[in-house]
Amino acid sequence: MLPVLLTGVRHHLVDFLGILDGWGQRLGLGRRGAVLTEKVDRNFAISARWDLPATPG
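Structure (structure tokens):
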């Protein structure tokens, strides 16, 4: 189950990078947009857990 969830997360993050790259292109950022996407891809980290409220169940 966990591997399937992690694969889904990875796909969503890859989609996010594609959206970020497209945003940079639409704004005419040129190479700066590509650099931004590369930096986010290289340095993205989930550094702390969220303190979400407990769910009933």
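Residue numbering for the sequence shown follows the numbering used here, beginning at 4 and increasing consecutively.
Beta carbons: idealized from backbone N, C-alpha and C, even for Gly.
Check your understanding: Who are the Cβ neighbours of A37 in its own chain at under 8 Å, not counting the five residues just before and after it?
Key -> Counting only residues of its own chain and dropping the five nearest sequence neighbours on each side, A37 has a CB closer than 8 Å to the CB of D24 and G27.
Practice item. Give the DSSP-derived three-state secondary structure of A48 in the structure shown. Key: Assignment of A48 by DSSP, reduced to helix, strand and coil, places it in the coil class.
Exercise for review: Could you tell me the distance, in whole angstroms, from the CA atom of P56 to the CA atom of N46?
Suggested key: Distance between the alpha carbons of P56 and N46 is about 28 Å.
Exercise for review: Run the CB neighbour count on T10, radius 10 Å, all protein chains shown included, and call it buried at 16 or more, exposed below.
Suggested key: Exposed: under 16 other Cβ atoms inside 10 Å.
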